[in-house]
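Chemist:
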Amino acid sequence: MKNKLLYYVCISSIVWLVGCEQELEKATPVALISVQHRSDVIQPSNNCVFKYKLANIYGGMDNQAQQNAITQAVGLWQHLNKNIQFVSFLVEDRCDILVKYVAAGTISTQTELNTSGFVKFPLIGKSIARLVNGRYEILLDSTHKWTKETLAKAVAYHVGYMLGMPPSKEPNSVMYPYLSSSRLGSNNNDSLSINLLYPKPCRNADFRYLPITTQVKDTTLVKLLLDKKGTIKVTASGQIYVGLWLGYSTPDGIDKGLFNFPIIGYNTIPGFNHAVLMYKLNYENEWHSCGHSCEIPVDNVGEYIELLFDINSNAKQDDVGAYSVNLDYK
């Protein structure tokens, strides 16, 4: 009797399991951020400042909400590690991270099965990431019903992978691959791991991108991260009042005083015009006279440079006004 009962239990279990297998295709799939395994990009980046851009807009959410979600996603990593920085940038082909919505067919239709426990169900990825000409592209399924929460989770996950973070089995980790509607968060392991990957302060975190305009009336430091190779064009305008006997000076400076009175004694650099706009590149020893216009060759995209501007005067306490200095690529 006992053996018969055991037999019926076994048969029933087999029938139930077979039925579950047959119903698998009908089961509600569970959304994963990605089912992709990207061993080619799971490595710490040599960079510490990353430019990002949202390439297009998802129709189910307003533009500002999407921008805020992406800002929240990258901001989380920046909050966990002060040695990395993310900046929004407008020029798509110069970005490090590009987020875009694509047709569902662009995303791999590959599914995985949850094999934990007795019940299996399909896990379907809603995004992928890929490297294109050195740029990290995050592709999101445009047919998925994205919310600010799920968008932030997906972008944060992929950015983490780009930084070198592996997936996690901990539900409260940024790198947990399940796409849920809960708020974006992190745990201690996330913080420890990202700080081990990027332990050094980012030298080029305090920077600006061209074009910029700045006012120069004294020693002025401009920190730049270059996103283009070529030449920086400097153009200056405005006037500085340099005293009763000299009047107003333009960025080209003044070569002589009233009645041709020599004014070399008022100059920091004897060979330059008084109050001329001048610069140094990366704290080199010698100043260069710039005047109303000059050009500075630059070599590499991604290069960080420091430009020091000043006016040629050793009596700036008596000067009034400033030059308006514009920097852009030629």
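When you line the sequence shown up against the numbering used here, it's residues 1 to 330, in that order.
Idealized CB from N, CA, C, for every residue including glycine.
Do you know offhand how far T71's Cα is from F50's?
Modeler: Computed Cα separation, rounded: 12 Å.
Chemist: Give me the Cβ distance between I97 and D141, rounded to the nearest whole Å; I'm assuming they're in contact under 8 Å.
Modeler: Their Cβ separation, rounded to whole angstroms, is 18 Å, which puts I97 and D141 out of contact at 8 Å.
Chemist: Sorted by chain position, which residues of the same chain lie with C-beta nearer than 8 Å to D319's C-beta, five sequence neighbours on each side aside?
Modeler: Answer for D319: K217, I240, Y241, V242, G243, A275, I311, S313, listed in chain order.
Chemist: What is the rounded straight-line gap between the Cα of V174 and the Cα of Y101?
Modeler: Their backbone Cα atoms lie some 21 Å apart in a straight line.
Chemist: Quick check on H79: buried or exposed, where buried means 16 or more other Cβ atoms within 10 Å of its Cβ?
Modeler: Flag for H79 reads exposed.
Chemist: What does the alpha-carbon distance come out to for the pair T109 and K145?
Modeler: The predicted model places T109 with a pLDDT of 49, which falls under 50 and marks its position as unreliable; any figure quoted below should be read in that light. The alpha-carbon atoms of T109 and K145 are separated by roughly 17 Å.
Chemist: So, for L192: in the same chain, excluding its five sequence neighbours on each side, which residues have a beta-carbon less than 8 Å away from its beta-carbon?
Modeler: Result list for L192: empty, nothing under 8 Å.
Chemist: Would you kindly check if the distance between the Cβ of Y329 and the Cβ of T220 is under 9 Å?
Modeler: No, these two residues do not count as a Cβ contact at 9 Å.
Chemist: On the DSSP bridge list, what partners appear for R208?
Modeler: Answer is L224.
Chemist: Does the Cβ of F261 have 16 or more other Cβ atoms within 10 Å, making it buried, or fewer, making it exposed?
Modeler: That one is exposed.
Chemist: Who pairs with F309 in a beta bridge, going by DSSP?
Modeler: Paired residues: T220, Y279.
Chemist: Exposed or buried, which one is Y283 when buried takes at least 16 other CB atoms within 10 Å?
Modeler: Exposed: under 16 other Cβ atoms inside 10 Å.
Chemist: Give the list of continuous alpha helix (DSSP H) stretches no shorter than 4 residues that lie fully inside the region 152-187.
Modeler: Whole alpha helix (DSSP H) segments, 4+ residues: zero.
Chemist: Thinking C-alpha only, which one of G271, A236, K229 is nearest V298?
Modeler: Comparing Cα positions, the closest option is K229.
Chemist: What are the boundary residues of the beta strand (DSSP E) that G230 is part of?
Modeler: Segment 230-237, the beta strand (DSSP E) holding G230.
Chemist: Please report the residue range of the beta strand (DSSP E) in which Q85 lies.
Modeler: 85-88 is the extent of the beta strand (DSSP E) around Q85.
Chemist: What did DSSP end up calling K330 once you bin it into helix, strand or coil?
Modeler: Three-state DSSP puts K330 in coil, outside helix and strand.
Chemist: Could you give the DSSP three-state label for L197: helix, strand or coil?
Modeler: It is helical.
Chemist: Can you tell me where the alpha helix (DSSP H) with I97 in it begins and where it stops?
Modeler: Premise fails: I97 lies in the beta strand (DSSP E), 97-102, not in any alpha helix (DSSP H).
Chemist: Go through its chain and collect everything with a Cβ distance to A152's Cβ below 6 Å, but skip five positions before and after it.
Modeler: The residues are A69, Q72, A73, L184.
Chemist: In whole angstroms, what separates the C-alpha of L281 from that of C294?
Modeler: Their backbone Cα atoms lie some 13 Å apart in a straight line.
Chemist: Alpha carbons only, please: which of D62, L246, T235, P166 is nearest the one belonging to T147?
Modeler: With distances taken between Cα atoms, T147 lies closest to D62.
Chemist: Comparing C-alpha positions only, which one of A55, T143, E286, Y279 sits nearest to L327?
Modeler: Residue Y279 is the option with its Cα nearest to L327.
Chemist: Rounding to the nearest angstrom, what Cα-Cα distance links G19 and L179 in this structure?
Modeler: Note that G19 has pLDDT 48, beneath the 50 cutoff, so the model's placement of it is unreliable and the number below is only indicative. About 28 Å.
Chemist: Is it buried or exposed for E21, if we count other Cβ within 10 angstroms and need 16 for buried?
Modeler: With a pLDDT of 47 at E21, under the threshold of 50, the modelled position of that residue is not reliable, and no figure is offered here.
Chemist: Which residue wins for smallest C-alpha separation from G291, given the options N285, A65, V234, K316?
Modeler: Closest by alpha carbon: V234.
Chemist: Where A65 and V87 are concerned, what is the direct C-alpha to C-alpha distance, given to the nearest angstrom?
Modeler: Taking the straight line from one Cα to the other gives about 17 Å.
Chemist: Can you give me the Cβ contacts of P177 inside the same chain, cut-off strictly under 6 Å, excluding the 5 residues immediately before and after it?
Modeler: For P177, where only same-chain residues beyond five positions count, the Cβ hits under 6 Å are L32, I33, P167.
Chemist: Below 9 Å between beta carbons: does that hold for N83 and Y248?
Modeler: Result no, Cβ atoms of N83 and Y248 do not sit closer than 9 Å.
Chemist: List the endpoints of the continuous beta strand (DSSP E) containing L80.
Modeler: Element bounds for L80: not the beta strand (DSSP E) but the alpha helix (DSSP H), 63-80.
Chemist: Can you give me the start and stop residues for the beta strand (DSSP E) that A129 sits inside?
Modeler: Looking at the DSSP string, the run of the beta strand (DSSP E) that includes A129 is 127-132.
Chemist: Count the other C-beta atoms from every protein chain shown that fall within 10 angstroms of the C-beta of G105, then say buried if there are 16 or more, exposed otherwise.
Modeler: Looking at its Cβ environment, which holds fewer than 16 other Cβ atoms inside 10 Å, G105 is exposed.
Chemist: Quick one: what's got a C-beta closer than 6 Å to N267's C-beta in the same chain, skipping five residues either side?
Modeler: Excluding positions up to five away in sequence, the list reads H274, N312.
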